[in-house]
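The structure appears below as structure tokens.
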Amino acid sequence: MTYQEIISDIRKKKIAPIYFLMGEEPYFIDLISDIIEDEVLDEADKAFNQIVVYGRDVDVETIANHARSFPMMGDKMVVIVKEAQDLKNIEDFEKYLDSIPETTVLVFGYKYKKLDKRKSFAKQIDKRGVLFESKKLYDNNIPTWIRERLKESGYTISPKAEQMLADFLGTDLHKINNELTKLTIAVSKGKRIEDIDIERNIGISKDFNVFELQNAIGARDVLKANQIVNYFGDNAKENPLLVTAITLYGYFTKLLKGHYATDRSRNGLATALGVNPFFLNDYMTAMSNYSIADCVRCIAILREFDLKAVGYNNGDVNEKDLYREMIFRILHNV
Numbered sequence: 000m001t002y003q004e005i006i007s008d009i010r011k012k013k014i015a016p017i018y019f020l021m022g023e024e025p026y027f028i029d030l031i032s033d034i035i036e037d038e039v040l041d042e043a044d045k046a047f048n049q050i051v052v053y054g055r056d057v058d059v060e061t062i063a064n065h066a067r068s069f070p071m072m073g074d075k076m077v078v079i080v081k082e083a084q085d086l087k088n089i090e091d092f093e094k095y096l097d098s099i100p101e102t103t104v105l106v107f108g109y110k111y112k113k114l115d116k117r118k119s120f121a122k123q124i125d126k127r128g129v130l131f132e133s134k135k136l137y138d139n140n141i142p143t144w145i146r147e148r149l150k151e152s153g154y155t156i157s158p159k160a161e162q163m164l165a166d167f168l169g170t171d172l173h174k175i176n177n178e179l180t181k182l183t184i185a186v187s188k189g190k191r192i193e194d195i196d197i198e199r200n201i202g203i204s205k206d207f208n209v210f211e212l213q214n215a216i217g218a219r220d221v222l223k224a225n226q227i228v229n230y231f232g233d234n235a236k237e238n239p240l241l242v243t244a245i246t247l248y249g250y251f252t253k254l255l256k257g258h259y260a261t262d263r264s265r266n267g268l269a270t271a272l273g274v275n276p277f278f279l280n281d282y283m284t285a286m287s288n289y290s291i292a293d294c295v296r297c298i299a300i301l302r303e304f305d306l307k308a309v310g311y312n313n314g315d316v317n318e319k320d321l322y323r324e325m326i327f328r329i330l331h332n333v
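Everything in the sequence shown is counted per numbering that gives the first Met the number 0, starting at 0 for the first residue and increasing by one.
Shown next, in the form of structure tokens:
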């Protein structure tokens with residue numbers, strides 16, 4: 000099941016007896032766990048019939064004792080184990096599964112790890128309830144996730160604003176969600192969110208950001224590229240060289256994928272690049288300006304400056320000058 004399907008079932012009161020939420024992406028684990036904590040029981044029932052514990056503070060037997068309790072003046076007993084990855088010998092819980100009454104809803108939040116699905120414990124949970132693996136989203140999935148998250152709240156967003164957020168915020172879904180919450184408070188419901196809204200409410204310049212830098216590099220617009228990196232150099236705390244180098248590395252990797260794509264249609268290229276078709280013309284311009292050999296050379300340059308950004312062989316050059324050198328070499332085939 001997807002996290003959307005799990006949440007939909009919970010809100011339809013189709014509650015499973017056990018939820019084992021595991022995996023590398025903590026956001027979806029927290030989201031499902033919080034919805035169960037907030038919505039399965041009425042407020043009046045929570046004081047008597049809801050128990051929240053943390054893995055580091057309990058053992059398997061204690062959790063089993065809580066889970067075997069019957070609800071007091073209610074239909075459900077909810078037991079939530081947060082940070083269950085800190086629980087010792089968690090697979091020992093298998094021997095208690097048969098003794099847990101149908102009135103219990105038991106939730107494990109098992110972050111950054113996952114059970115071996117080949118073993119009996121995982122199979123038993125999957126048979127009795129929900130065994131959910133929360134997977135990290137790839138960089139190219141983030142814009143779509145931002146769009147869908149805002150759609151759920153009644154908003155639309157322009158492709159440029161969407162990409163600005165994705166480039167600036169990275170793949171930390173908790174961080175992205177917090178910034179989207181700020182946006183939905185500041186912007187009237189139903190309004191299309193534009194780049195100016197991102198600038199006003201998130202603090203990302205609509206003109207001086209890594210998205211615009213990519214476009215300037217792709218178009219070989221030397222003046223604009225240097226204006227942006229000078230701005231980055233003057234505001235290095237908000238625009239660290241390391242993050243920019245990593246983002247540009249991804250950009251040139253996409254250009255390489257475009258060069259090697261077998262389907263040269265617009266949809267085929269957009270799929271190969273992993274980008275919104277809205278931006279395809281910009282990428283096609285960049286591909287005409289950077290050959291396969293150029294892309295490989297630029298990736299090598301970015302690897303070099305990735306190391307310099309963390310102090311390796313940078314000769315104590317300040318970040319602004321490193322920015323200038325990196326962009327000069329990319330743009331001028333040096």
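No residue lacks a Cβ here, since even glycine has one placed at the ideal position from N, Cα and C. Keep in mind it's a predicted model, so treat the numbers as computed, not measured.
- In the structure shown, the three-state DSSP call for residue 61 is helix.
- Residue state for residue 289 is assigned as coil, using DSSP reduced to three classes.
- In this model, residue 106 and residue 39 are separated by some 12 Å (Cα to Cα).
- Of all alpha-carbon atoms in 101, 96, 136 and 23, the one lying nearest the alpha-carbon of residue 124 is that of 96.
- Just measuring C-alpha positions, the residue of 196, 328 and 140 sitting nearest residue 294 is 328.
- Just measuring C-alpha positions, the residue of 202, 152 and 41 sitting nearest residue 183 is 152.
- Per DSSP, the continuous beta strand (DSSP E) segment holding residue 131 begins and ends at 129 to 133.
- An exposed status is given to residue 3, since fewer than 16 other beta-carbon atoms sit within 10 Å of its beta-carbon.
- Secondary structure at residue 67: coil, using DSSP grouped into helix, strand and coil.
- Secondary structure note for residue 319: its alpha helix (DSSP H) is the uninterrupted segment 318 to 330.
- In the DSSP annotation of this structure, the continuous segment of the alpha helix (DSSP H) that includes residue 45 starts and ends at 42 to 48.
- Note: residue 163 is not bridge-paired with any residue in the DSSP secondary-structure output.
- Going by DSSP, residue 18 is part of the beta strand (DSSP E) stretching over 17 to 22.
- With 16 or more other Cβ atoms inside 10 Å of its own Cβ, residue 210 counts as buried.
- In the three-state reduction of the DSSP assignment, residue 217 falls in the helix class, which pools H, G and I.
- A direct Cα-to-Cα measurement between residue 302 and residue 179 gives close to 32 Å.
- 8 Å or more divides the Cβ of residue 89 from the Cβ of residue 228.
- Contact annotation: the segment 8 to 18 touches the segment 120 to 140, with at least three C-beta pairs closer than 8 Å.
- Here the C-alpha atom of residue 69 lies approximately 15 Å from the C-alpha atom of residue 79.
- In this chain, the alpha helix (DSSP H) harbouring residue 259 covers 240 to 259.
- Assignment of residue 109 by DSSP, reduced to helix, strand and coil, places it in the strand class.
- By the Cβ neighbour-count rule, residue 100 is exposed, with fewer than 16 other Cβ atoms within 10 Å of its own.
- Judged by DSSP secondary structure, residue 174 falls within the alpha helix (DSSP H) whose first and last residues are 172 to 185.
- If you check the CB distance, residue 86 and residue 54 come in under 8 Å.
- Bounds of the beta strand (DSSP E) holding residue 79 are 76 to 81.
- Your pair residue 203 and residue 167 checks out as a contact, with CB atoms roughly 5 Å apart and the cut at 8 Å.
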